[in-house]
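Heads up: the sequence lines are chains A and B, in that order.
Position 11 of the first sequence, counted from 1, bears residue number 11 in the UniProt record's numbering, the numbering being contiguous throughout.
Position 49 of the second sequence, counted from 1, bears residue number 49 in the UniProt record's numbering, the numbering being contiguous throughout.
Every residue, glycine too, gets a C-beta built ideally from N, C-alpha and C.
This structure is a prediction, so every number in the text was calculated from the model and none was measured.
Right, one structure below, let's go through it.
2 protein chains.
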Amino acid sequence: MEKDTTIAEEVLCKSRILAIKDTSDILCGKWKIFILGTLLVTGKMRFMELLHTIDGIGKKMLSKELHDLELNGLIHRTEIKTKPITVEYQLSKQGKTLSKLIEEMITWGSQYRKDLLNLHEKKMNTEI
Amino acid sequence: MEKDTTIAEEVLCKSRILAIKDTSDILCGKWKIFILGTLLVTGKMRFMELLHTIDGIGKKMLSKELHDLELNGLIHRTEIKTKPITVEYQLSKQGKTLSKLIEEMITWGSQYRKDLLNLHEKKMNTEI
DNA sequence: GAAACCGGTTTCCGATAGGATACCTTTTCT
DNA sequence: AGAAAAGGTATCCTATCGGAAACCGGTTTC
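This is the structure:
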């Protein structure tokens, strides 16, 4: 009886770890999460717009990360036959499911920063 | 009037991007999220337990990542004066606030894998 | 004809992340 | 005496990550 539950727990645990691994594999690298976040708030963007909006990224990295994200089905790439050609990127249906995760990262990051500041203030007060 | 809103929006946007950056900086690397996830489900663990539980990690990495996490206030390290000495690691109050984010990663990763399988099945069916 | 714009790709190079291995200290077991 | 176990460090090495810069093809404007 007890052995059953531990085995069941272990299987559950492994699948949870696998899920974490999947997620972090897909969001790995320095830029993907920012690209996704940017597309999430703007809806649609062109290559050059992304390049200028995402602070510090270079053409090579942007191009590579967009490829990865497209391969993993998180964004759509649309060529528009203007002259010169323009290309639009947007989140896919699958990509949009990341919004909760991204929002949670924003929430957590903001709170963490706030907590740090509070800690710092308190420390300053006790020092005076 | 319109300019005000765009400026306000831009400030908001920057702070959201900063929050994402904070979060991903703190969770960066190949192992931190697994260490946190493991501590989240088990409560408390010793160095060697973590080493054996987290598949594939080595001593050096475990040690380094634990240091980082402690520096950022996400975990507590407790030396217990047994012989030989044992050390317990556990999530701090701050660290526990990551549970929602980790749960969301698990949820998303599981769903993503499910969707992939469905896609694959459908494809197989149309191919027959 | 030159330059500029879009959306990239290619090449080169340096930094760093991360893995394997050996080593260290203290104490207990055999 | 020798080994083993806990919790690490130190050293070395390499694969990958990611940045800078040049280049490319098509088109349009000056």
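(1) When the Cβ atoms of the stretch 19-35 of chain A are set against those of the stretch 66-80 of chain A, are three or more pairs found closer than 8 Å?
(2) Report the residue from A:73, A:72 and A:89 whose alpha carbon sits nearest the alpha carbon of residue 79 of chain A.
(3) Closer than 8 Å, Cβ to Cβ, to anything on chain A: give me those residues from the stretch 10-28 of chain B, in chain order.
(4) Give a yes or no on whether the C-beta atoms belonging to residue 103 of chain A and residue 101 of chain B are separated by under 8 Å.
(5) If you count every other CB in all the chains shown that lies within 10 Å of the CB of residue 25 of chain A, and 16 or more means buried, which is it?
(6) How long is the line joining the alpha carbons of residue 12 of chain A and residue 52 of chain B, rounded to whole angstroms?
(7) Rounded C-beta distance between residue 16 of chain B and residue 106 of chain A? I'm assuming under 8 Å.
(8) Taking the beta strand (DSSP E) that residue 86 of chain A belongs to, which residues open and close that run?
(9) Using beta-carbon positions only, say whether residue 74 of chain A and residue 36 of chain A come within less than 8 Å of one another.
(10) Name, please, each residue of chain B whose Cβ falls closer than 8 Å to the Cβ of residue 68 of chain A.
(11) Give the residues of chain A in contact with residue 100 of chain B, contact being defined as C-beta atoms less than 9 Å apart.
(12) So which residues on chain B does residue 97 of chain A lean against when the C-beta distance must stay under 9 Å?
(13) By the 9 Å beta-carbon criterion, what residues does the stretch 37-48 of chain B contribute toward chain A?
(14) Could you check what DSSP says for residue 35 of chain B in three-state terms: helix, strand or coil?
(15) For the UniProt domain "HTH hxlR-type" (13-117) of chain B, list the alpha helix (DSSP H) runs that are entirely contained and at least 4 residues long, ordered along the chain.
(16) I need the straight-line Cα distance from residue 83 of chain B to residue 47 of chain B, nearest angstrom please.
Taking the geometry as given:
(1) yes
(2) Along the first sequence, one-based indexing puts residue 79 of chain A at 79. Taking only the C-alpha atoms, the option nearest residue 79 of chain A is A:89.
(3) Along the stretch 10-28 of chain B, going in chain order, the ones with a CB nearer than 8 Å to a CB of chain A are 13, 15, 16, 17, 18, 19, 20, 21, 22, 23, 24 and 26.
(4) Reading the first sequence from its first residue, position 103 is the one you call residue 103 of chain A. Reading the second sequence from its first residue, position 101 is the one you call residue 101 of chain B. Their beta carbons are not under 8 Å apart, which means residue 103 of chain A does not touch residue 101 of chain B by this criterion.
(5) Against the first sequence, residue 25 of chain A aligns to sequence position 25. It counts as exposed.
(6) Mapped onto the first sequence, residue 12 of chain A falls at position 12. Mapped onto the second sequence, residue 52 of chain B falls at position 52. Those two C-alpha atoms are separated by around 18 Å.
(7) Counted from its first residue, the second sequence places residue 16 of chain B at position 16. Counted from its first residue, the first sequence places residue 106 of chain A at position 106. Between residue 106 of chain A and residue 16 of chain B the Cβ distance is about 5 Å, and since that is below 8 Å, they are a contact.
(8) Counting from one through the first sequence, the residue named residue 86 of chain A turns up at place 86. Unbroken beta strand (DSSP E) run through residue 86 of chain A: 86-91.
(9) One-based indexing of the first sequence puts residue 74 of chain A at position 74. One-based indexing of the first sequence puts residue 36 of chain A at position 36. For residue 74 of chain A and residue 36 of chain A, yes; Cβs fall inside 8 Å.
(10) Numbered from 1 along the first sequence, position 68 holds the residue referred to as residue 68 of chain A. The premise fails here: residue 68 of chain A is roughly 14 Å from chain B at the closest Cβ pair, so nothing lies under 8 Å.
(11) To locate residue 100 of chain B, count along the second sequence from 1; it is residue 100. Per Cβ cutoff of 9 Å: 104, 107 and 108.
(12) For the purposes of this step, residue 97 of chain A is identified with residue 97 of the first sequence, where counting begins at 1. Within 9 Å Cβ-Cβ: 108, 111, 112 and 115.
(13) 37, 38 and 41
(14) By one-based count along the second sequence, residue 35 of chain B stands at place 35. Helix at residue 35 of chain B.
(15) 32-42, 47-53, 59-71 and 93-96
(16) Within the second sequence, numbered from 1, the residue matching residue 83 of chain B stands at position 83. Within the second sequence, numbered from 1, the residue matching residue 47 of chain B stands at position 47. So the alpha carbons of these two residues sit roughly 15 Å apart.
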